[in-house]
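A.B. asks:
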Amino acid sequence: MPADPRAVLTRPAPKPDRTVAYGDHPDQVADLRCPAGTGPARPLVVVVHGGFWRAEYDRQHTGPLAAALAAAGYPVAQVEYRRTGQPGGGWPGTLTDVLTGVAELPALAAEALPGRVSRAAPVLLGHSAGGHLAMYVAATAPATVAGVLALAPVADLGEAYRRDLDGGAVAALLGGGPTEVPDRYAAADPRRSVPIQTRTVVMHGSEDQQVPAEMSRDFVTAARAAGSDISLVELPGCEHFGLIDPESPAWPQVLVMLRSLHDDH
103 MPADPRAVLT
113 RPAPKPDRTV
123 AYGDHPDQVA
133 DLRCPAGTGP
143 ARPLVVVVHG
153 GFWRAEYDRQ
163 HTGPLAAALA
173 AAGYPVAQVE
183 YRRTGQPGGG
193 WPGTLTDVLT
203 GVAELPALAA
213 EALPGRVSRA
223 APVLLGHSAG
233 GHLAMYVAAT
243 APATVAGVLA
253 LAPVADLGEA
263 YRRDLDGGAV
273 AALLGGGPTE
283 VPDRYAAADP
293 RRSVPIQTRT
303 VVMHGSEDQQ
313 VPAEMSRDFV
323 TAARAAGSDI
333 SLVELPGCEH
343 FGLIDPESPA
353 WPQVLVMLRS
363 LHDDH
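For the sequence shown, our numbering gives the first residue as 103, with consecutive numbering after it.
Structure below.
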């Protein structure tokens, strides 16, 4: 593992094969990567990046992860979305962008990469705030999602607000706290959406300093008790960024979990 866990955020990656738009805004786009090798068309893996929903973090930092997934044989779309600090970002634009992108991308990718992508519902791979967005889409539009791999997700927005994760990130997304905008928390918080219809795997590093692993433990316990098809894989010694770093010791386990979700459909 690199000495600086954040090194993956700025590591160069091969350029995507295509970029497609699912809306008119410059951030309503996705970078597509063709799977290595040959074979039948496969369902898309949609990568939903994190960064606490903030404008300063975009899809570029998931380039190494997306390139590694394509090298492993998966067709990949790195979806972008409007973020807090941008016009139209936050509530509700950030959430509706990802909903729309996930619904549109299988057809867009199938047209852009002929014969390599099926139009079946994709598997969503979301990291951190992207894990929240992936689970939100699965709860809101379950027919558009085949499975969710949530890496260090912000799975409980109320608890994330109480813990003041990333200095008010949840309040910036939703426009206030749970007592100020309760309807927005009711709509957007995965913790309020259990039981979950979509098969979900949550992975979290025990040493995560950005999103405490305890939040995933509590979320998965509650979701399982409600009858959800969900499991937790906790990685001892792993921090927040190792889960998206193909050079980290955690990466082989991430691929195993993705395969368990993707190859079943």
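Glycine residues also receive a C-beta, built at the ideal position from the N, C-alpha and C atoms.
Could I get the ranges of all uninterrupted beta strand (DSSP E) runs contained in the segment 265-353, with 3 residues as the minimum, in chain order?
C.D. replies: Qualifying beta strand (DSSP E) stretches, in chain order: 302-307 and 332-337.
A.B. asks: So which of I346, R319 and L357 has the shortest CA-CA distance to V110?
C.D. replies: Here the closest residue by C-alpha is I346.
A.B. asks: Assuming the contact rule is C-beta atoms closer than 8 Å, V150 and V200 should be a hit. Round their C-beta distance to whole Å, please.
C.D. replies: Sure, about 6 Å apart at Cβ, within 8 Å.
A.B. asks: Tell me the DSSP secondary structure of T112 in three-state form.
C.D. replies: Residue state, collapsed to three classes: helix.
A.B. asks: List the DSSP bridge partners of A132.
C.D. replies: Per DSSP, V122 and V181.
A.B. asks: Going by DSSP, name the residue or residues bridged to L226.
C.D. replies: DSSP, once it has assigned bridges, lists V148 and V250 as partnering L226.
A.B. asks: Of all the options A231, Y124, L210 and A170, which has the alpha carbon lying nearest to the alpha carbon of W353?
C.D. replies: Out of A231, Y124, L210 and A170, A170 has the C-alpha closest to the C-alpha of W353.
A.B. asks: Buried or exposed: E282, going by 16 or more other Cβ atoms within 10 Å of its Cβ?
C.D. replies: Exposed.
A.B. asks: Rounded to whole angstroms, what is the Cα-Cα separation between G217 and L267?
C.D. replies: Cα-Cα distance, rounded: 43 Å.
A.B. asks: If you pair each beta-carbon of the segment 252-272 with each one of the segment 224-232, do three or more pairs fall below 8 Å?
C.D. replies: Cβ pair count under 8 Å is three or more, so yes.
A.B. asks: By Cβ distance below 8 Å, which residues in the same chain neighbour I332 in space, the five residues on each side in sequence not counted?
C.D. replies: So the list reads I298, R301, T302, V303, V304, V322, A325 and R326, once near-sequence residues are dropped.
A.B. asks: Given a threshold of 16 other Cβ atoms within 10 Å of its Cβ, counted over all protein chains shown, does R294 qualify as buried or as exposed?
C.D. replies: Exposed: under 16 other Cβ atoms inside 10 Å.
A.B. asks: Assign R156 to one of three DSSP states: helix, strand, or coil.
C.D. replies: DSSP places R156 in strand when its eight states are reduced to three.
A.B. asks: Out of L360, D320 and C340, which has the shortest C-alpha to C-alpha gap to A257?
C.D. replies: Among L360, D320 and C340, the Cα nearest to that of A257 is on D320.
A.B. asks: Using only CA atoms, which one of P142, D119, A123 and L207 lies nearest to C136?
C.D. replies: Comparing Cα positions, the closest option is D119.
A.B. asks: Which residues bound the alpha helix (DSSP H) around L201?
C.D. replies: From DSSP, the alpha helix (DSSP H) with L201 extends over G195 to A214.
A.B. asks: Judging by CA-CA distance, which residue of C340, S330 and L334 is the nearest neighbour of Q311?
C.D. replies: With distances taken between Cα atoms, Q311 lies closest to C340.
A.B. asks: Kindly indicate which residue of A209, A214 and G279 has the alpha-carbon position closest to the one of T246.
C.D. replies: Taking only the C-alpha atoms, the option nearest T246 is A209.
A.B. asks: With DSSP run on the structure shown, which of helix, strand or coil describes V219?
C.D. replies: In the structure shown, V219 sits in a strand (DSSP, three-state: E or B).
A.B. asks: Out of T202, T140, A214 and T196, state which residue places its alpha-carbon closest to the alpha-carbon of G175.
C.D. replies: Among T202, T140, A214 and T196, the Cα nearest to that of G175 belongs to T140.
A.B. asks: Are the CB atoms of V219 and A143 within a distance shorter than 7 Å?
C.D. replies: Result yes, Cβ atoms of A143 and V219 sit closer than 7 Å.
A.B. asks: Measuring alpha carbon to alpha carbon, tell me which residue in P177, G191, F343 and D129 is nearest L360.
C.D. replies: For the residues P177, G191, F343 and D129, the minimum Cα distance to L360 belongs to P177.
A.B. asks: Using the rule of at least 16 other Cβ atoms within 10 Å of the residue's Cβ for burial, across every protein chain shown, is R264 buried or exposed?
C.D. replies: Exposed.
A.B. asks: Mapping DSSP to helix, strand and coil, what is T140?
C.D. replies: Coil at T140, not helix or strand.
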